[in-house]
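In terms of this note's numbering, the sequence shown opens at residue -3 and continues consecutively. Here a beta-carbon is modelled for each residue, glycine too, at the ideal position from N, C-alpha and C. Bear in mind that the values here come from a model prediction, so they are computed numbers and not experimental data.
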Amino acid sequence: MAEPSQEEILELIWTLDEESGKVERDTLIKKIHLPIAEQILDTLISEDYVTISDNEVALTKKGIANARLIIRRHRLAERLLNDVLDVKEDVMDSSACKFEHILDEEVTASICTLLGHPVTCPHGKAIPAGECCEKANKEIRPVVMPLSDLKSGDDAKIAYIVTKYHGRLDRLSSMGLLPGVQIHLHQRQPTYVIQMGETQIALDTAIARDVYVRLV
-3 MAEPSQEEIL ELIWTLDEES GKVERDTLIK KIHLPIAEQI LDTLISEDYV TISDNEVALT
57 KKGIANARLI IRRHRLAERL LNDVLDVKED VMDSSACKFE HILDEEVTAS ICTLLGHPVT
117 CPHGKAIPAG ECCEKANKEI RPVVMPLSDL KSGDDAKIAY IVTKYHGRLD RLSSMGLLPG
177 VQIHLHQRQP TYVIQMGETQ IALDTAIARD VYVRLV
């Protein structure tokens, strides 16, 4: 696996190629913003991550495999920060950059599953699929889904809550709707009625869409 500084360059090459279909060496060096950019690029070439021909930079098969994992970790981290943690846009990317270097494949797959195997990042760019996504695509129902997708009679456990309205989040928390709590869906119409222990709660559709659950 490449070092963190090398990973940043592999990620940049992938992104530039994604945007324009071509990566020129001079353009890449200017965008790297590292004092030893040329030395790192030379190392990537010597270790068979990258090739350069006629000033055009391209990822090798080894480089594509590594860059794909880096991009996947980064964009899943962005989704986690945006969708679940409600991190502001101006710090989301820098935080995702830190995440991508410490996530291993098992944790990455867990985050992907938690988020319901998203296909794009918050900026609309594609998230490379992992083995967990391929497995989920073969299943009839996703592992994690909005409460509104449950069928009457389903038992589920709350995975996370996504809402831009803090008042709504406070209200749900006060009712005991928290990650890890098990629920049973009694009915879908005219409102969603869920059972938590001895308590029944009615939810409108907008709120039911904000609560993500995992079937049990």
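Backbone secondary structure at residue i - three-state DSSP
i      : result
Pro0   : helix
Met88  : helix
Thr201 : helix
His162 : helix
Ile136 : Low confidence applies to Ile136: its pLDDT is 49, below 50, so where it sits in the model is not reliable, and the reading given next is rough at best. Ile136 falls in the coil class under three-state DSSP.
Arg71  : helix
Ile41  : helix
Ser170 : helix
Cutoff 8 Å: residue i Cβ touching any chain B Cβ
i      : result
Ala202 : Of the protein chains in the structure, only one exists, and it is not chain B.
Where the alpha helix (DSSP H) through residue i begins and ends
i     : result
Ser26 : This sequence places Lys at residue 26; Ser is not what is there. Lys26 -> alpha helix (DSSP H) spans 21 to 28.
Buried/exposed call for residue i, threshold 16 Cβ in 10 Å
i      : result
Ser144 : buried
Thr104 : buried
Glu3   : buried
Ile190 : buried
Thr109 : buried
Tyr249 : There is no way to answer for residue 249, as the model of the chain reaches only from -3 to 212.
Ala204 : buried
Ile222 : Here the chain comprises residues numbered -3 to 212, so residue 222 is not present and cannot be evaluated.
Asn62  : buried
CB contact flag (residue i, residue j, <8 Å)
i      : j      : result
Ser91  : Leu77  : yes
Cys93  : His70  : yes
Ile28  : Leu8   : yes
Ala210 : Lys153 : The sequence given here has Arg at residue 210, not Ala. Contact: yes.
Opening and closing residue of the beta strand (DSSP E) in which residue i lies
i      : result
Asp151 : 151 to 157
Val53  : 52 to 55
Leu181 : 178 to 183
ask   = On the three-pair Cβ rule with 8 Å, is the region 79 to 90 touching the region 38 to 49?
value = no
Q. If we count Cβ pairs, one from each stretch, closer than 8 Å, do we get three or more for the region 123 to 131 versus the region 151 to 162?
A. no
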